[in-house]
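**Student:** To start, I am sharing the structure in question, which I have written as structure tokens.
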Amino acid sequence: MKKLIQYLCFGLLLISVESAAKDKPLRILPLGDSITAGYTDNPVWDHPFKFGYRSGLYRRLVQANYSFVFVGQSPEPFNRRFGDPAKGHEFELDLRQLGQDGHRGYGGWRIPQLQKQVTKWMQVDQPDIVLLMVGINGISADSPKQLDALLEKLFSHNKLLKVIVAQITPKRAFNQDLFDYNTYIRQTLVPTYQAQGFALSTVDMYKHFLTDPTDPRTIDASRLSNGINHPTNAIYDELAQSWFDEIERLLVCHPNSK
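Numbering (my numbering), first residue to last: 3 to 260.
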């Protein structure tokens, strides 16, 4: 049955892409913390700022002929809260000039901080799809229930919303609470919401940092631009591919939930 569903979803792919290209722009909200904003090794920015995963996702959506707009009104990192991201660097792709720099990424924010603001943001941003990646700040045994409460807020605003929640990226050293949080997302949170009919799915962003995909402790710190928690630009581009693949799958398998 699972393979049949996958086949049917794939069979609708061309129709879905063509429809998305003709309809009003798909409103995509990147929601989260500094990794959503695209921070690297701030405040020095020797590892150039390139809009994080959003630049790679922009390119892929354009190449796939989607009509879309990134929404959200975070001023980061150009408010220079953590240094000047333009320091000595030219942007090969400046999303600001394209009207595509929308996001709700806030450096250092924890899940409860997003929860307090998200109802207001949803009213302003009116997204069709939310790309949610949050939890690395303040990760603890309480993080799963905090994430559940945040999702309840999102879906209470719009029951037809499409949400992709990321199994989050690691810190340089293995963290059991973070690993358990990702397991909860994959094994409990997403299946529970799907069983209730919500268009919720997940992507594994943790795997991009491992030297051995079967061992969650094999974190390669060289894939962190600041040596702590922010991805390099090469890894940000891998995150973009993961987001893109799941956006396509979600749109095809839930074409009428927009």
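Where is the CB? At the ideal position from N, CA and C, for every residue including glycine.
Output needed for phenylalanine 12: all residues of its chain with C-beta closer than 6 Å, excluding positions within five of it in sequence on either side, in chain order.
**Tutor:** Translated into the one-based positions of the sequence shown, residue 12 becomes position 10. A caution first: phenylalanine 12 carries a pLDDT of 44, below 50, which makes its placement in the model unreliable, though a value can still be read off. Excluding positions up to five away in sequence, the list is empty.
**Student:** Please report the residue range of the alpha helix (DSSP H) in which phenylalanine 246 lies.
**Tutor:** Residue mapping note: residue 246 aligns to position 244 of the sequence shown, counting from 1. Where phenylalanine 246 is concerned, the enclosing alpha helix (DSSP H) stretches over 235 to 255.
**Student:** Measuring CA to CA, which of Gln196, Thr185 and Gly137 is closest to leucine 163?
**Tutor:** Taking the first residue of the sequence shown as 1, we reach residue 163 at position 161. Among Gln196, Thr185 and Gly137, the Cα nearest to that of leucine 163 is on Gln196.
**Student:** Out of curiosity, what's the CA-to-CA distance linking lysine 5 and threonine 190?
**Tutor:** Taking the sequence shown and counting its residues from 1, one reaches residue 5 at position 3. Taking the sequence shown and counting its residues from 1, one reaches residue 190 at position 188. For lysine 5, the predicted model reports a pLDDT of 42, less than 50, meaning its position is unreliable; a value from the coordinates is still stated below. Going by the C-alpha atoms only, they are around 22 Å apart.
**Student:** Under the three-state reduction of DSSP, which class applies to alanine 88: helix, strand or coil?
**Tutor:** Working through the sequence shown from its first residue, we reach residue 88 at position 86. Coil, per DSSP.
**Student:** Rounded to whole angstroms, what is the Cα-Cα separation between tyrosine 60 and isoleucine 221?
**Tutor:** Within the sequence shown, numbered from 1, the residue matching residue 60 stands at position 58. Within the sequence shown, numbered from 1, the residue matching residue 221 stands at position 219. Near 27 Å, if we compare the C-alpha coordinates of isoleucine 221 and tyrosine 60.
**Student:** Per DSSP, what kind of secondary structure is lysine 164 in: helix, strand or coil?
**Tutor:** In the sequence shown, the residue the question calls residue 164 occupies position 162. Lysine 164: strand per DSSP, three-state reduction.
**Student:** So phenylalanine 70 packs on proline 32, CB below 8 Å; how close in whole Å?
**Tutor:** For the purposes of this step, residue 70 is identified with residue 68 of the sequence shown, where counting begins at 1. For the purposes of this step, residue 32 is identified with residue 30 of the sequence shown, where counting begins at 1. So it is not a contact: roughly 12 Å between Cβ atoms.
**Student:** Which word fits threonine 213, buried or exposed, when buried means at least 16 other C-beta atoms lie within 10 angstroms of its C-beta?
**Tutor:** Position 211 of the sequence shown, counted from the start, is the residue given in the question as residue 213. That one is exposed.
**Student:** Checking 8 Å against the spacing of the C-beta atoms, do leucine 97 and arginine 56 come in under that value?
**Tutor:** For the purposes of this step, residue 97 is taken as the residue at position 95 of the sequence shown. For the purposes of this step, residue 56 is taken as the residue at position 54 of the sequence shown. Yes, the pair counts as a contact, with Cβ atoms nearer than the cut-off.
**Student:** Once you ignore the five residues that flank lysine 52 on each side, which residues in its own chain have a CB closer than 6 Å to its CB?
**Tutor:** The residue given as residue 52 occupies position 50 in the sequence shown. Only Asn235 meet the Cβ criterion.
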